[in-house]
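Okay, structure first, notes after.
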Amino acid sequence: MLTPVVDPDGAPFWEYAARGELRVQACAAPDCGRLRFPPRPCCPHCQSFADEWRRVSGRGRIWSYVFPHPPLLPDYAAQAPYNAVIVELAEDPLIRLVGNVVAEPDAALDSVDPSRLRIGARVQVAFTEVDGMTVPRWLLERA
Amino acid sequence: MATLKDATAIVGIGQTPFAKQLPESEKELACRAIVAALDDAGISAAEVDAFASYTMEETDEVEVAKSIGAGDVTFFSKIGYGGGGCCATVGHLAAAIATGQASVGVAWRSRKRGSGPRPWKNTAVQLPTPAQWTRPFGLLRPADEIGMLARRYLHEHGATRDHLFNVALACRNRANQNPAAIMYERPLTREMYMTSRWISEPLCLFDNCLETDGALACVIVAAERARDCRQKPVYVHSAAQGLPAQHHGMVNYWNDDPLTGPAWTAARHLWKQADFGPDDVDVAQIYDAFTPLIPLSLEGYGFCGRGEGAAFTEGGALEIGGRLPINTGGGGLSEAYVHGFNLINEGVKQLRGHSTAQVPDAATCLVTAGEGVPTSAILLRS
Ligand SMILES: [Zn+2]
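Read top to bottom, the protein sequences are chains A and B. Mapping to this note's numbering: the first sequence position 61 is 61, numbers consecutive. Mapping to this note's numbering: the second sequence position 66 is 1066, numbers consecutive.
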């Protein structure tokens, strides 16, 4: 499996994930404070370089999804067709995370029946470890 | 203010055969296409003093210039973002020539994407940003990345796979008229489309462009010089690039409206510089790495409103005789996928009156580069 190639901007996200916390970069300027994703050095709204990592609820909704089929890299082909989703976060629908909906945090990428996915479905973050790196996964909320 | 409007013209086009696998190297294919384009124009290689290509082009200007026997070169430029750079090669040369930095420009693209490696398989060059947010989760290929936008588009606008089929069919029908097209002898039916295998659901095999070996080139000179060339000049009427605010490349999932992409930015500038508008376009060559890029581009370039691009494809609108015939050589879906350069040359063929699927009396043509990445577009007129 591919693990995230971390850069200085994104490193805090992965460090918090390793502690089981979903945090998003936010502007730390007192009169701004807006969330931004993907992380970057400077706030695009007020140009402040001051930032903080704000904990979010981990709740969201599916914005879109695909089911990739081969040809794929071997580790992914072995689980194909699997789902890949974009989740918009409850705190700010413009903060969207790409991920996978799974039956259990450590389950395979194809562990949820494809017919259960739909745009707007509510999901909750969970974390799993892939090759020594903690990454988010998403669980469907029971209606 | 100085303007590019009709200041330069494309006077030569050249191409190699297209195939899944060609024996020649990319360098040789590049040289063959360029030499053919210069021959078409009736201009000697020694007169070439400007080059433009893509950053993904593997053969650099030094190799091309010394191989074809170019003279002293005073302008050279490469444009990034894969197929998004396509029309900007012409745009950069037009700007250079119109401002006196050079006099004979060659734009080209040579690629062995048919027999060479698939770029997404190379995990060693995985870029840290934004790939760390997408690739580990199995968004590996452009088809997966655009598939996300396609699903959202279908959902928001009540569009269906039949709309995407309309795009695939129009391109295939034109390829069936073009002996140089990879899909010349292979008609497409709705049943073939609807029963084909998925690549990244909701995108099936026929929503994806070809994988092709081949090369193309064109020659650009000032308008005064163009009138003395061998071929009827095709004027560069307007040119634009587009990198919208808060755009994120092919994984454009983090701005207010991911379905309003770079086409909108390029289009605003393109039309602002032009003497005519979308209703006056006789034929369009719209970048078609994936079928959903067509409705997105139809909206961006102003042929219809936001969300109306899928419905626009109904009733044969994209076919010859329809409201806007597109990709009249077959496009990337059915002629050849060479990062869109075949769309430029097909635009020139239409305005010369020499297309294999000629739109009667075509006098204006829009050519676009890849939507979904920082893009470019040109308006051509005869
Ligand atoms: Zn700020």
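Don't be surprised by glycine CBs; every beta carbon is placed ideally from N, CA and C. Small disclaimer: the values here were computed from a predicted structure and weren't measured.
Of the heavy atoms belonging to ligand 1, none sits nearer than 6 angstroms to the Cβ of C42/A. Taking the beta carbon of I1013/B as reference, no residue of chain A falls within 8 angstroms; the closest one sits roughly 34 angstroms away. Inclusion of G60/A and V102/A in the CB contact set at 7 angstroms is not warranted, their separation being larger than that value.
Note on geometry: alpha-carbon atoms of D106/A and T128/A lie some 5 angstroms from one another. Going by DSSP, V1367/B is part of the beta strand (DSSP E) stretching over 1364-1368. Selection S1376/B, G1370/B, L1380/B evaluated against G1083/B yields G1370/B as nearest (Cα-Cα). Between ligand 1 and the CB of S48/A, the shortest heavy atom gap is smaller than 6 angstroms. Beta-carbon to beta-carbon, C1229/B and G1042/B are separated by about 6 angstroms, close enough to satisfy the 8 angstroms threshold. The three-state reading of DSSP puts D51/A in strand, counting E and B together. The continuous alpha helix (DSSP H) containing V1090/B extends over residues 1086-1098. The C-beta of G1138/B comes closer than 7 angstroms to at least one C-beta of chain A. Interface annotation for the stretch 60-79 of chain A against chain B: W63, S64, Y65, V66, F67, P68, H69, L72, L73, Y76, criterion Cβ-Cβ distance under 7 angstroms.
Rounded to the nearest whole angstrom, the CA to CA distance from S48/A to F37/A is 15 angstroms. F1075/B carries a strand assignment under DSSP once its states are collapsed to helix, strand and coil. For D31/A, the closest of R23/A, L22/A, Q79/A, C43/A by C-alpha to C-alpha distance is C43/A.
Judged by DSSP in its simplified three-state form, T1059/B adopts coil rather than helix or strand. For T134/A, the closest Cβ of chain B is not nearer than 7 angstroms. Within chain B, the residues whose beta carbon sits less than 9 angstroms from that of R96/A are Y1253, W1254, P1258, listed in sequence order. Taking 7 angstroms as the CB threshold, H1247/B stays off the interface with chain A.
Proximity of chain A to G1147/B at the Cβ level (cut-off 7 angstroms) is accounted for by V66, in chain order. Nearest to M1194/B by alpha-carbon distance, out of F1206/B, P1187/B, Y1184/B, is F1206/B. Linking A1284/B to T3/A through their CA atoms gives a straight-line distance of about 42 angstroms. The shortest CA-to-CA distance from D1144/B to any of G1347/B, G1372/B, Y1081/B, A1065/B is the one to G1372/B.
Under the 8 angstroms Cβ criterion, the stretch 1108-1116 of chain B does not count as touching the stretch 1229-1249 of chain B, having fewer than three qualifying pairs. Secondary structure of V1373/B (DSSP, three-state): coil. Taking CB atoms only, R1352/B has no neighbour in chain A less than 7 angstroms away. Note on Q1241/B: 16 or more other CB atoms within 10 angstroms of its CB, so buried under the neighbour-count rule. As a beta-bridge residue in DSSP terms, Y1235/B pairs with A1009/B, R1381/B.
Set against 6 angstroms, the gap from the CB of H1247/B to the closest heavy atom of ligand 1 is not smaller. Pairing E1156/B with F67/A gives a Cβ-Cβ distance that is not under 7 angstroms.
Classified as buried, N83/A has 16 or more neighbouring CB atoms from the shown chains inside 10 Å of its CB. For the options A1217/B, I1199/B, P1262/B, the alpha carbon positioned closest to that of I1068/B is the one of A1217/B.
For G1309/B, the closest of A1289/B, V1167/B, N1176/B by C-alpha to C-alpha distance is V1167/B.
Across the set E1335/B, I1294/B, L1333/B, the C-alpha of I1294/B shows the shortest separation from the C-alpha of L1318/B. Using a Cβ distance threshold of 7 angstroms, V1104/B and D1039/B do not count as a contacting pair.
Contact check for E1335/B and A1181/B: beta-carbon distance about 4 angstroms, within the 8 angstroms limit, so the pair qualifies.
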